[in-house]
Amino acid sequence: MPNNDFYIGYLEKMPPSFRGPVRVFVLAAALLLALASFIIVKGQQAFSTSTFELGQLTTVEGTLRMEPAPMIQLETGKDSKGHPILQSILLIGFGKHGAEATLEKVEAQRKLKLDGKKLKLEGTLIYHDGKTLLELTQKEKSILDVFDVAPLNRQLTELGQTTLRGEIADPKCYFGVMKPGEGKVHRSCAARCIAGGIPPIFKAVSNDGQVQYFIIEGEDGEPINQQLLPIVGEPVQLTGSVVQYDDWLVLRLKDASSAQRLGARFMLEAPMCNSGPLSWPD
């Protein structure tokens with residue numbers, strides 16, 4: 013009868029005939045696990061650097077502009093020709109709501125129109141990729157003071173018709189409140205924010221990877237949030253006219269239902285792009 017080794021788990025030592033193969037298996041499994049972990053991590057999207065200053069209130073002063081969406085317009089300096097350099101901070105409400113309802117309540121309380129007035133506001137900053145938002149965290153109490161001053165001149169430029177490919181997102185989540193704040197995994201949240209009055213934005217990327225953000229509205233500047241809900245968070249192609257309001261671009265759609273779904277496969281095969289007279293920043 014052959015005298016073969018027999019492994020018994022409760023013994024202190026493993027027979028030599030078992031010890032070698034087990035060591036090889038454990039080492040190989042550890043290496044494969046490390047390699048698989050590396051591949052999975054490298055395959056993930058880069059972590060967003062967007063910021064939401066949760067719990068930290070910031071005070072800003074500037075001119076309120078209600079078009080194309082509620083914004084506080086700040087003068088941050090002068091250019092080489094002495095013209096003011098303007099920054100527009102997009103205002104949003106607390107929770108999944110736009111800022112209009114809060115501003116309307118303040119107008120009713122103070123019995124005056126706020127559009128064009130200088131406001132002193134306190135809220136929570138959200139910022140990413142050159143864009144800044146301010147959440148009116150304390151609702152009506154976020155408006156600390158109102159001043160009558162001469163408003164700054166707006167810099168409006170008609171940029172003509174263009175066709176863009178990209179994704180519709182809600183700016184509150186995309187620019188800092190949620191990570192990820194875009195794509196299919198965030199679609200339901202973005203739809204609720206846009207349905208609540210937060211202005212929709214369109215993130216478009218040129219063929220060489222440059223990003224542009226557009227506030228989306230109707231042909232005559234009217235909000236079309238409800239019409240956009242079916243295509244939020246999906247890769248789509250939109251055609252419309254572009255207007256530049258200071259440092260924000262606005263995409264005006266004649267018919268939101270004409271948006272062309274591109275499907276997830278498109279996002280993997282080709283970058284998003286634009287066609288038309290719109291130029292991308294250097």
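Residue numbers for the sequence shown follow the working numbering, beginning at 13 and rising by one.
C-beta: ideal position from N, C-alpha, C; glycine also.
Member of the options whose CA lies at the smallest distance from the CA of residue i
i           : options               : result
residue 262 : 53, 230, 33 and 275   : 230
residue 245 : 194, 233 and 225      : 194
residue 74  : 141, 156, 240 and 105 : 156
residue 152 : 106, 48, 39 and 166   : 106
residue 111 : 237, 210, 124 and 76  : 210
residue 268 : 166, 178 and 237      : 237
residue 123 : 140, 213, 97 and 158  : 158
residue 242 : 260, 196, 125 and 104 : 196
residue 140 : 224, 167, 27 and 120  : 224
residue 168 : 181, 79, 120 and 133  : 79
residue 232 : 255, 93, 63 and 104   : 255
residue 181 : 142, 39 and 216       : 216
residue 142 : 62, 36 and 37         : 62
Residue i versus residue j - alpha carbon distance
i           : j           : result
residue 50  : residue 83  : 44 Å
residue 34  : residue 189 : 49 Å
residue 102 : residue 91  : 22 Å
residue 41  : residue 221 : 39 Å
residue 114 : residue 129 : 16 Å
residue 176 : residue 226 : 10 Å
residue 183 : residue 235 : 15 Å
residue 206 : residue 214 : 12 Å
residue 76  : residue 43  : 59 Å
residue 187 : residue 109 : 15 Å
residue 260 : residue 47  : 44 Å
residue 208 : residue 95  : 37 Å
residue 294 : residue 204 : Unreliable placement is indicated for residue 294, whose pLDDT of 44 sits below 50; the coordinate value is still reported in the next sentence. Approximately 35 Å, taken between the alpha carbons.
residue 257 : residue 52  : 42 Å
residue 31  : residue 24  : 12 Å
residue 85  : residue 55  : 40 Å
residue 228 : residue 72  : 26 Å
residue 131 : residue 81  : 16 Å
residue 45  : residue 29  : 25 Å
residue 185 : residue 121 : 30 Å
residue 219 : residue 116 : 42 Å
residue 170 : residue 93  : 22 Å
residue 39  : residue 26  : 17 Å
residue 166 : residue 104 : 21 Å
residue 212 : residue 36  : 56 Å
Chain-order list of residues whose beta-carbon lies under 6 Å from that of residue i (same chain, five-residue window excluded)
i           : result
residue 135 : 146, 147, 148, 149 and 154
residue 239 : 268
residue 88  : 97 and 99
residue 271 : 243, 248 and 250
residue 192 : 198
residue 266 : 231
Own chain, CB closer than 7 Å to residue i, minus 5 neighbours either side, in chain order
i           : result
residue 137 : 65, 70, 144 and 146
residue 253 : 172, 173 and 264
9 Å Cβ cutoff, residue i in contact with chain D
i           : result
residue 195 : You won't find chain D in this structure, because it holds only one protein chain.
Neighbourhood of residue i by C-beta, 8 Å cutoff - its chain only, sequence neighbours within 5 removed
i           : result
residue 119 : 125 and 126
residue 12  : Residue 12 is absent from the model: the chain starts at 13 and stops at 294.
residue 282 : Below a pLDDT of 50, predicted positions are generally treated as unreliable, and residue 282, at 42, falls in that range; the measurement from the model is reported next regardless. Answer for residue 282: no residue qualifies.
residue 13  : For residue 13, the pLDDT reaches just 48, beneath the cut-off of 50, and the residue's location in the model is therefore unreliable, although a value from the coordinates is still provided. Nothing listed; no residue qualifies.
Inter-stretch contact (C-beta, 8 Å, three-pair minimum) for the segment 196-209 and the segment 160-176:
no
task = Let me know the alpha helix (DSSP H) ranges lying completely inside the segment 61-131, each 4 residues or longer, listed in chain order.
result = 112-122
Alpha helix (DSSP H) runs wholly inside the segment 189-253, at least 4 long, in chain order: 199-207 and 237-240
Review point. Unbroken beta strand (DSSP E) runs of length 3 or more, entirely within the segment 143-193: which are they?
Key: 143-147, 155-159 and 168-181
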